Amino acid sequence: MHDHSHCEHHPAPATYGSAFIVGIVLNSVFVLGELVFGIANHSLSLLADAGHNLGDVLGLAMGWAAVFLATKPVTSKYTYGYRRASILAAVGNSCLLLIGVGAIAWEAIQRFSEPVAVPGTVVMAVAAVGILINGGTALMFMAGRKGDINREAAFAHMLTDAVVAAGVVVAGLAMQLTKWAWLDPAMSLVIVFLVAGSSWRLLRRSFDLAIDAVPDSIDIEAVKQHLEAIPGVTAVVDLHIWPVSSTQTALTAHLVAPNGISADVLESAQHELSHDFAIDHSTIQVHTDAEVGCALTY
754 MHDHSHCEHH PAPATYGSAF IVGIVLNSVF VLGELVFGIA NHSLSLLADA GHNLGDVLGL
814 AMGWAAVFLA TKPVTSKYTY GYRRASILAA VGNSCLLLIG VGAIAWEAIQ RFSEPVAVPG
874 TVVMAVAAVG ILINGGTALM FMAGRKGDIN REAAFAHMLT DAVVAAGVVV AGLAMQLTKW
934 AWLDPAMSLV IVFLVAGSSW RLLRRSFDLA IDAVPDSIDI EAVKQHLEAI PGVTAVVDLH
994 IWPVSSTQTA LTAHLVAPNG ISADVLESAQ HELSHDFAID HSTIQVHTDA EVGCALTY
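Following this line, the structure appears as structure tokens:
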């Protein structure tokens, strides 16, 4: 028996797509500003932040594309539609950031041997603008981020950018007071470690979803026990739970019930899967024969 408990597929609200567009425009302008001031003032911390922000612009673009694709209807070839694009966007976003911070770390290490004097006032002014832009963009993705890894990725990156920009302001103030040129590459490395840590965690989560791992929010043992509690069921075999998108989850299961199960009982069980475990698509097959098996049986 098949069930689509929320068959409307949760289309992304218009404001969600607009948040990506606004974020892309604001951060693109800011990246250009950081590049100009960073090059003109020989500030590696500004250039490092610009490189990081450029990665976020590309990530926001991928996130927006994923939102757009998720609204497309299903086809005879793509029977789940394009909703998994949001997961792939999160994977790509994380990879871009890890590549970018690697390049920045290399440049920062080289800069320690040849420190360059950097005007702290300029660094502080540009970074302060970054706090406003990145913090404001993060607020646009705050609502509903826990239920969508694509939105959570955008929020995490924008919030990280705001924190990093605050760190750059502190570094700029310290350089202004002490005239220590090595603070610039030092702050760059701090940025690298912060971004690399959050990006790696996001990559692991999104990669798990991309290879159909059970979402972290779902306890497969609890689901199995729920199905085993259905009257007449003696065993649950071939149970699979996987993400259809960053917001939707599917399930297939074979239930062994020697005396069968009524359609009403199955429908009730599937409704409970949706309500209690947020499993939107469930397909359950009932067997009266105990000899049921599968090479991928859980």
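According to the numbering used here, the sequence shown is numbered sequentially starting from 754.
Yeah, the Cβ is synthetic: ideal placement off N, Cα and C, and Gly gets one too.
No experiment lies behind these values; they were computed from the predicted model shown.
With which residues is residue i paired in a DSSP beta bridge?
{"i": "alanine 1006", "result": "Ile1037"}
{"i": "histidine 795", "result": "According to DSSP, which records beta bridges pairwise, histidine 795 is partnered with nothing at all."}
{"i": "valine 989", "result": "Leu1008"}
{"i": "histidine 994", "result": "According to the sequence displayed, residue 994 carries isoleucine and not histidine. According to DSSP, isoleucine 994 bridges with Leu1004."}
Among the residues of its own chain, which have a CB less than 8 Å from the CB of residue i, if the five just before and after it don't count?
{"i": "serine 970", "result": "Ala1031"}
{"i": "methionine 895", "result": "Phe908"}
{"i": "valine 844", "result": "Leu956, Ser959, Phe960, Ala963"}
{"i": "phenylalanine 821", "result": "Gly770"}
{"i": "glutamate 981", "result": "Ala988, Val989"}
Can you find the residues in the same chain that come closer than 7 Å, C-beta to C-beta, to residue i, ignoring five residues on each side of it along the sequence?
{"i": "tyrosine 833", "result": "Val827, Val997"}
{"i": "asparagine 806", "result": "Asn780, Phe783, Val784, Glu787, Asp914"}
{"i": "cysteine 760", "result": "Confidence in cysteine 760 is poor, its pLDDT being 46 and thus under 50, which makes the residue's placement unreliable; the coordinate value appears in the next sentence. Within the same chain, cysteine 760 has no close Cβ partners at all."}
{"i": "tyrosine 835", "result": "Leu822, Ala823, Lys825"}
{"i": "leucine 926", "result": "Gly873, Met877"}
{"i": "leucine 811", "result": "Leu849"}
In terms of residue numbering, what span does the alpha helix (DSSP H) encompassing residue i cover?
{"i": "glutamine 1001", "result": "Note, glutamine 1001: premise wrong, no alpha helix (DSSP H); not H, not E."}
{"i": "threonine 913", "result": "902-931"}
{"i": "arginine 957", "result": "936-963"}
{"i": "isoleucine 840", "result": "838-866"}
{"i": "phenylalanine 894", "result": "From DSSP, phenylalanine 894 is part of no alpha helix (DSSP H); its letter is neither H nor E."}
{"i": "serine 1027", "result": "1016-1030"}
{"i": "lysine 977", "result": "973-981"}
With a 10 Å radius around its C-beta and 16 neighbouring C-beta atoms as the bar for buried, classify residue i as buried or exposed.
{"i": "asparagine 1012", "result": "exposed"}
{"i": "phenylalanine 946", "result": "exposed"}
{"i": "alanine 765", "result": "With a pLDDT of 49 at alanine 765, under the threshold of 50, the modelled position of this residue cannot be trusted; read the value that follows with caution. Result: buried."}
{"i": "glutamate 867", "result": "exposed"}
{"i": "isoleucine 886", "result": "buried"}
{"i": "tryptophan 935", "result": "exposed"}
{"i": "histidine 910", "result": "buried"}
{"i": "histidine 762", "result": "Per-residue confidence for histidine 762 stands at a pLDDT of 45, beneath the threshold of 50, marking its modelled position as unreliable; the derived number appears in the next sentence. It is buried - the Cβ of histidine 762 has at least 16 other Cβ atoms within 10 Å."}
{"i": "valine 1039", "result": "buried"}
{"i": "isoleucine 1037", "result": "buried"}
{"i": "tyrosine 831", "result": "exposed"}
{"i": "serine 999", "result": "buried"}
{"i": "phenylalanine 773", "result": "buried"}
{"i": "isoleucine 857", "result": "buried"}
{"i": "glycine 950", "result": "exposed"}
{"i": "aspartate 1042", "result": "exposed"}
{"i": "valine 967", "result": "buried"}
Within its chain, find whatever has a CB closer than 6 Å to the CB of residue i; leave out the 5 residues flanking it on each side and keep chain order.
{"i": "leucine 1004", "result": "Ile994, Ile1032, Ser1035"}
{"i": "alanine 988", "result": "Val1009"}
{"i": "isoleucine 944", "result": "Ala801, Val917"}
{"i": "alanine 819", "result": "Ala838, Ser839, Ala842, Asn903"}
Is the beta carbon of residue i sitting closer than 8 Å to the one on residue j?
{"i": "leucine 799", "j": "valine 876", "result": "yes"}
{"i": "leucine 849", "j": "glycine 808", "result": "yes"}
{"i": "valine 775", "j": "methionine 893", "result": "yes"}
{"i": "valine 854", "j": "valine 948", "result": "yes"}
{"i": "leucine 962", "j": "serine 847", "result": "no"}
{"i": "glycine 770", "j": "asparagine 903", "result": "no"}
{"i": "threonine 874", "j": "glutamine 929", "result": "yes"}
{"i": "histidine 795", "j": "valine 871", "result": "yes"}
{"i": "alanine 975", "j": "aspartate 991", "result": "no"}
{"i": "serine 952", "j": "leucine 851", "result": "yes"}
{"i": "alanine 697", "j": "aspartate 937", "result": "Nothing can be reported for residue 697, as the shown portion of the chain is limited to 754 through 1051."}
{"i": "isoleucine 973", "j": "isoleucine 1014", "result": "no"}
{"i": "leucine 942", "j": "alanine 880", "result": "no"}
For the ligand ZN, is there any heavy atom lying closer than 7 Å to the beta carbon of residue i?
{"i": "threonine 1005", "result": "Absent from the structure shown: the ligand ZN. Ligands present: none."}
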